[in-house]
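Structure, as structure tokens:
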Amino acid sequence: DQQVKQNSPSLSVQEGRISILNCDYTNSMFDYFLWYKKYPAEGPTFLISISSIKDKNEDGRFTVFLNKSAKHLSLHIVPSQPGDSAVYFCAARTNFGNEKLTFGTGTRLTIIP
Amino acid sequence: NAGVMQNPRHLVRRRGQEARLRCSPMKGHSHVYWYRQLPEEGLKFMVYLQKENIIDESGMPKERFSAEFPKEGPSILRIQQVVRGDSAAYFCASSPPTGQGFGEQFFGPGTRLTVL
Chain A
2 DQQVKQNSPS LSVQEGRISI LNCDYTNSMF DYFLWYKKYP AEGPTFLISI SSIKDKNEDG
62 RFTVFLNKSA KHLSLHIVPS QPGDSAVYFC AARTNFGNEK LTFGTGTRLT IIP
Chain B
29 NAGVMQNPRH LVRRRGQEAR LRCSPMKGHS HVYWYRQLPE EGLKFMVYLQ KENIIDESGM
89 PKERFSAEFP KEGPSILRIQ QVVRGDSAAY FCASSPPTGQ GFGEQFFGPG TRLTVL
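Next up, the structure:
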């Protein structure tokens, strides 16, 4: 039962353009969402998060949007840079405390110079 | 300020042997999580521990797998009598005590276990 879904296994974007990565979830108890970036042979690196009381959170080139009614979130990266090429994982949690993360299967982003 | 440390980075075992994976959380972090990533899949939660306590082991296989986080020393994920299907990347994450931060988990570099 895949509670967090990233339906695009891969995405290619021209350098300087906007990258949009999507994530859907099914568990209505999730109320905190995170995006991680992962390079090969390394651990995931935390990027940005959003709680269910917000619909947008911005940090530099990264913005996460949350649509609770649609159970959908997206990560926007603008402008995209070659160093952004990596696998991006969406993750969700059920409360503000320390709880297990449920991960999507990841989207491999390739930035084309 | 060292991050989450995991060792070894690579571990090769033959079927039937034991594998021990170690994780030292970030300084000041008291919560440790173990995740497993099979090839071409996302990370799957295995177990959540605080010092000397297992809080949630709902993702742990019922047999052969165990985890501990003693009062002193690193957290250990132990796999007995390994089988080929245990080959995966095992990631440890840590987070600060409840009430500090928003509970973001910070990951180590992982241990890549290969079972021959």
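Protein sequences appear in the order of chains A and B.
2 is the number of the first residue of the first sequence in the numbering used here; add one for each residue after it.
29 is the number of the first residue of the second sequence in the numbering used here; add one for each residue after it.
We treat Cβ as the ideally placed atom computed from N, Cα and C, and that holds for glycine.
Please identify the residue among the options whose C-alpha is closest to the C-alpha of residue i.
i: Ala71(A); options: Leu35(A), Thr111(A), Ser29(A) and Ser52(A); result: Ser29(A)
i: Ser112(B); options: Arg48(B), Ile104(B), Leu144(B) and Lys72(B); result: The question names Ser, but residue 112(B) in the sequence shown is Arg. Residue Leu144(B) is the option with its Cα nearest to Arg112(B).
i: Asp32(A); options: Thr95(A), Ser75(A), Gly107(A) and Ile78(A); result: Thr95(A)
i: Ile49(A); options: Glu59(A), Tyr40(A) and Glu43(A); result: Glu59(A)
i: Gly17(A); options: Asn23(A), Leu102(A), His77(A) and Glu100(A); result: His77(A)
i: Gly70(B); options: Pro114(A), Asp85(A), Asp2(A) and Thr64(A); result: Asp2(A)
i: Ala30(B); options: His38(B), Met54(B), Pro137(B) and Leu49(B); result: Met54(B)
i: Ile83(B); options: Glu43(A), Leu74(A), Glu100(A) and Gly44(A); result: Glu100(A)
i: Arg62(A); options: Asn23(A), Tyr37(A) and Ile19(A); result: Ile19(A)
i: Ile50(B); options: Pro89(B), Lys90(B), Glu100(B) and Glu85(B); result: In the sequence under discussion, the amino acid at residue 50(B) is Arg, which differs from the Ile named in the question. Among Pro89(B), Lys90(B), Glu100(B) and Glu85(B), the Cα nearest to that of Arg50(B) is on Glu100(B).
i: Gln45(B); options: Leu105(B), Val32(B) and Val110(B); result: Val110(B)
i: Thr126(B); options: Pro137(B), Gln78(B) and Glu85(B); result: Gln78(B)
i: Asp85(A); options: His73(A), Ala93(A), Leu74(A) and Thr108(A); result: Thr108(A)
What number of angstroms, rounded off, separates the C-alpha of residue i from the C-alpha of residue j?
i: Ile54(A); j: Ala87(A); result: 29 Å
i: Phe104(A); j: Ala116(B); result: 16 Å
i: Val5(A); j: Gly87(B); result: 16 Å
i: Phe121(A); j: Asp25(A); result: This structure cannot settle anything about residue 121(A), because the visible part of chain A is limited to 2 through 114.
i: His59(B); j: Cys91(A); result: 21 Å
i: Phe73(B); j: Glu80(B); result: 19 Å
i: Arg141(B); j: Ile21(A); result: As written in the sequence, residue 141(B) is Leu, which differs from the Arg given in the question. Cα to Cα, the separation comes out at about 33 Å.
i: Asn1(A); j: Gln133(B); result: Within the shown structure, residues of chain A are numbered from 2 to 114, placing residue 1(A) beyond reach of any answer.
i: Arg42(B); j: Phe47(A); result: 34 Å
i: Tyr40(A); j: Thr139(B); result: 15 Å
i: Arg147(B); j: Pro98(B); result: The requested residue 147(B) is not part of the displayed model; chain B covers only 29 to 144.
i: Leu66(B); j: Arg37(B); result: 16 Å
i: Tyr89(A); j: Pro114(A); result: 19 Å
i: Ser11(A); j: Ser81(A); result: 15 Å
i: Phe102(B); j: Ala42(A); result: Looking at the sequence shown, residue 102(B) is not Phe but Pro. Roughly 22 Å separates the two Cα atoms.
i: Thr64(A); j: Gln108(B); result: 43 Å
i: Leu102(A); j: Gln15(A); result: 31 Å
i: Met33(B); j: Tyr118(B); result: 12 Å
i: Leu105(B); j: Tyr76(B); result: 11 Å
i: Arg92(B); j: Asn35(B); result: 20 Å
I'd like the span of the beta strand (DSSP E) that includes residue i, first residue to last.
i: Leu105(B); result: Ser103 to Ile107
i: Val14(A); result: Ser11 to Gln15
i: Met30(A); result: Where Met30(A) is concerned, there is no enclosing beta strand (DSSP E), given that its DSSP letter is neither H nor E.
i: Asn35(B); result: Met33 to Asn35
i: Leu110(A); result: Thr108 to Ile113
i: Ser123(B); result: Ala116 to Ser123
i: Arg18(A); result: That residue, Arg18(A), is in no beta strand (DSSP E); it is neither H nor E in DSSP.
i: Phe97(B); result: Note, Phe97(B): premise wrong, no beta strand (DSSP E); not H, not E.
i: Leu141(B); result: Thr139 to Val143
i: Asn2(A); result: Correcting the residue identity first, residue 2(A) is Asp in this sequence and not Asn. It is not in any beta strand (DSSP E) - Asp2(A) carries neither H nor E in the DSSP assignment.
Please classify residue i as buried or exposed, where buried requires at least 16 neighbouring CB atoms within 10 angstroms.
i: Ser13(A); result: exposed
i: Leu40(B); result: According to the sequence shown, residue 40(B) is Val rather than Leu. Classification for Val40(B): exposed.
i: Ala47(B); result: buried
i: His57(B); result: buried
i: Ala95(B); result: buried
i: Pro83(A); result: exposed
i: Ser122(B); result: buried
i: Lys90(B); result: exposed
i: Asp56(A); result: exposed
i: Thr27(A); result: exposed
Listing by chain order, which chain E residues have their CB less than 7 Å from the CB of residue i?
i: Phe47(A); result: Included in the structure are the protein chains A and B, with no chain E among them.
query = Considering only residues of the segment 47 to 102 of chain A, which uninterrupted beta strand (DSSP E) runs meet the minimum length of 3 residues and lie entirely inside it, listed in chain order?
reply = Counting whole runs of 3 or more residues, the segment 47 to 102 of chain A contains the beta strand (DSSP E) stretches 57 to 60, 63 to 68, 73 to 78 and 87 to 94.
ask   = Residue ranges of each beta strand (DSSP E) run of no fewer than 3 residues wholly in the segment 38 to 79 of chain B, ordered along the chain?
value = DSSP assignment within the segment 38 to 79 of chain B yields the following whole beta strand (DSSP E) runs of 3 residues or more, N-terminal first: 38 to 41, 47 to 52, 59 to 65 and 71 to 78.
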